[in-house]
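A.B. asks: Heads up: the sequence shown is residues 7 to 237, going by the working numbering. Built from N, CA and C at the ideal position, the CB exists for glycine as well. Pasting a structure here, questions to come.
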Amino acid sequence: MSESDVPASFDAYAANREGARFTNWLRERSEPDWTGATTHAFVEELGAGTLADEAFARYLVQDYAFVETLVSLVGYGVGQAPTMDAKVELAAFLGAITTDEDEYFRRSFEALSVPESTWTDPEMNETTASFRDLLLRAAHEGGYAETLAVLVPVEWVYLEWATAIEEPPETFYLAEWIEIHATPAFESTVEWLRSELDDRGPELAADRQKGIERLFRRAVALEVAFFDAVY
């Protein structure tokens, strides 16, 4: 399937689909990159435990740089969220990223012998820099829906590939990276993020919906490029 096989507007997509979800429309419009990201050689090798340490170390350094920007994005989301309940949900997610996940990165860098200067002051590759620009522009130039438009795919892609791995490898920094993105708590967070965008997307004007779609699709395309860059 490709995006050309999916109606270009959500109204057309939902017309003959009972209970159509806005985020499902976005995901289907992001093909074939969605499948490319969730079944990428990187995640296949990670799950099988065959990914070279050097490759995973390169990935983690770039991802740590990305996560720094992600933290800013979620922080913007807390400020933009229209209800206190939504602010609480996003603040809890922000807390998980900056505590448990950050601790995982530090232990993994040590195990992989990555010098502290490399991960504290990383040289971002072109894809990471593009990702950073996309996330910050979505938050700065848009509203809550635009922030969700880039936050949902980057988290949902990880849930998708991580939960598809049935037997994680023994190496802790591979196994824990999978586990972080396959826990019931993370699945609940992704579902909540999706529901927030599902609630708001259909009510947006058509031109703004197309803008949301472009942001979502660009984020998914960059996930593919991010994994490609590992090699």
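In chain order, what residues of the same chain have a beta carbon less than 6 Å from the beta carbon of T169, not counting five sequence neighbours either side?
C.D. replies: The residue you call residue 169 lines up with position 163 of the sequence shown. Contacts found: A188.
A.B. asks: Please tell me whether A155 and L76 are closer than 7 Å, where the distance is taken between their beta carbons.
C.D. replies: Taking the sequence shown and counting its residues from 1, the one referred to as residue 155 is at position 149. Taking the sequence shown and counting its residues from 1, the one referred to as residue 76 is at position 70. No, the pair does not count as a contact, with Cβ atoms beyond the cut-off.
A.B. asks: Counting C-beta neighbours from all protein chains within 10 Å, is the total for H146 16 or more, i.e. buried, or is it exposed?
C.D. replies: As a position in the sequence shown, residue 146 is number 140, starting the count at 1. Flag for H146 reads exposed.
A.B. asks: Using alpha carbons as the reference points, say which of E193, D213, A191 and I218 lies closest to D204.
C.D. replies: The residue you call residue 204 lines up with position 198 of the sequence shown. The shortest Cα separation from D204 among E193, D213, A191 and I218 belongs to I218.
A.B. asks: Here's the rule I'm using: 16 or more other beta-carbon atoms within 10 Å means buried, otherwise exposed. How should D39 be labelled?
C.D. replies: As a first step, residue 39 is located in the sequence shown; it is residue number 33 there, counting from the start. Per the 10 Å Cβ criterion, buried.
A.B. asks: Roughly how many angstroms separate the alpha carbons of M90 and A58, rounded to a whole number?
C.D. replies: Position 84 of the sequence shown, counting from 1, holds the residue named residue 90. Position 52 of the sequence shown, counting from 1, holds the residue named residue 58. Cα-Cα distance, rounded: 44 Å.
A.B. asks: Mapping the DSSP letters down to three states, classify G70 as helix, strand or coil.
C.D. replies: Translated into the one-based positions of the sequence shown, residue 70 becomes position 64. In the sequence as presented, Gly is not what sits at residue 70; that position holds Tyr. Helix at Y70.
A.B. asks: In angstroms, rounded to a whole number, what distance separates the CA positions of S194 and I171?
C.D. replies: Taking the first residue of the sequence shown as 1, we reach residue 194 at position 188. Taking the first residue of the sequence shown as 1, we reach residue 171 at position 165. Cα to Cα, the separation comes out at about 18 Å.
A.B. asks: Give the straight-line distance between the Cα atoms of V226 and P208, rounded to the nearest whole angstrom.
C.D. replies: Against the sequence shown, residue 226 aligns to sequence position 220. Against the sequence shown, residue 208 aligns to sequence position 202. The straight-line gap from Cα to Cα measures roughly 21 Å.
A.B. asks: With DSSP as the reference, label N30 as helix, strand or coil.
C.D. replies: On the sequence shown, residue 30 is found 24 positions in, with the first residue counted as 1. Residue state, collapsed to three classes: helix.
A.B. asks: Label Y164 either buried or exposed according to how many other C-beta atoms from any shown protein chain fall within 10 Å of its C-beta, with 16 as the threshold for buried.
C.D. replies: Walking along the sequence shown from the start, residue 164 turns up at place 158. Y164 should be labelled buried.
A.B. asks: In the structure shown, what three-state DSSP assignment does S114 receive?
C.D. replies: Numbered from 1 along the sequence shown, position 108 holds the residue referred to as residue 114. Reduced to three states, the DSSP call for S114 is helix.
A.B. asks: If you follow the alpha helix (DSSP H) that M90 is in, where does it begin and where does it stop?
C.D. replies: Taking the first residue of the sequence shown as 1, we reach residue 90 at position 84. From DSSP, the alpha helix (DSSP H) with M90 extends over M90 to A102.
A.B. asks: Three or more C-beta pairs under 8 Å: does that hold for the segment 61-75 against the segment 117-132?
C.D. replies: Yes, since at least three Cβ pairs between the segment 61-75 and the segment 117-132 fall closer than 8 Å, the two stretches touch.
A.B. asks: Leaving out five residues on either side along the sequence, give the residues of the same chain with a beta carbon under 7 Å from the beta carbon of L199.
C.D. replies: Taking the sequence shown and counting its residues from 1, the one referred to as residue 199 is at position 193. Once the five neighbours on either side are set aside, the close Cβ partners of L199 are L154, L157, V158 and E161.
A.B. asks: Do the segment 96-107 and the segment 71-88 touch if we need at least three Cβ pairs shorter than 8 Å?
C.D. replies: Touching, yes, given that three or more Cβ pairs across the two stretches are closer than 8 Å.
A.B. asks: Can you give the Cα-Cα distance for L66 and F111, rounded to whole angstroms?
C.D. replies: Reading the sequence shown from its first residue, position 60 is the one you call residue 66. Reading the sequence shown from its first residue, position 105 is the one you call residue 111. One C-alpha to the other measures close to 7 Å.
A.B. asks: Identify, in the order they occur along the chain, each residue of the same chain with its Cβ nearer than 7 Å to the Cβ of F28, setting aside the five sequence neighbours on each side.
C.D. replies: The residue given as residue 28 occupies position 22 in the sequence shown. Excluding positions up to five away in sequence, the list reads F16, L203, D204, G207 and P208.
A.B. asks: Can you tell me whether G148 is buried or exposed? The criterion is at least 16 other CB atoms within 10 Å of its CB, across all chains shown.
C.D. replies: The count along the sequence shown starts at 1 and reaches residue 148 at position 142. Under this definition G148 is a buried residue.
A.B. asks: For P2, I'd like the list of residues in its chain whose CB is within less than 6 Å of its CB, leaving aside the five on either flank, ordered along the chain.
C.D. replies: What is shown of the chain runs 7 to 237, which leaves residue 2 out entirely.
A.B. asks: Taking Cβ to Cβ, would you say V12 is nearer than 7 Å to R35?
C.D. replies: Within the sequence shown, numbered from 1, the residue matching residue 12 stands at position 6. Within the sequence shown, numbered from 1, the residue matching residue 35 stands at position 29. Cβ distance < 7 Å, so V12 and R35 count as in contact.
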